[in-house]
Amino acid sequence: MKIDKVLITGITGFVGSHLADYILENHPDVKILGLTRWRSPKDNIEHIIDKITITYGDLT
C-alpha cells in the first residue's frame with residue numbers, strides 16, 4: 235500500500251514542522267496536509283508553506 239497523503243496535526247510546532255521537513259525530503263511525492271490553530275505562529279514552516287496545505291482548526 236502506497237501512502238500519498240499525510241495529515242500532521244500541530245504542524246507549526248517543533249515536532250510537526252520537523253516531521254514535515256523529513257517527509258518532504260525523503261518522500262517528495264507525498265502530499266502534506268497540516269492542521270494548526272489560526273493564532274499559531276508560522277515561523278517553523280515559513281520555508282515550506284508553499285509545499286503543504288494548511289487547514290485551520292482545533293481538535294478539542
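Residue numbers for the sequence shown follow this note's numbering, so the first one is 235 and each next one is one higher.
Glycine residues also receive a C-beta, built at the ideal position from the N, C-alpha and C atoms.
Note that the structure is a prediction, hence the values are computed from the model and not measured.
Using a 10 angstroms sphere on the CB of glycine 291, the tally of other CB atoms stays under 16, which defines it as exposed. In the three-state DSSP reduction, leucine 293 falls in the coil class, being neither helix nor strand.
Cβ-Cβ distances below 6 Å link threonine 289 to Leu269 in the same chain, with the five nearest sequence neighbours on each side left out; the list follows chain order. Per DSSP, the beta-bridge partners of isoleucine 242 are Gly268. Between isoleucine 237 and leucine 267, the alpha-carbon positions lie close to 13 Å from each other.
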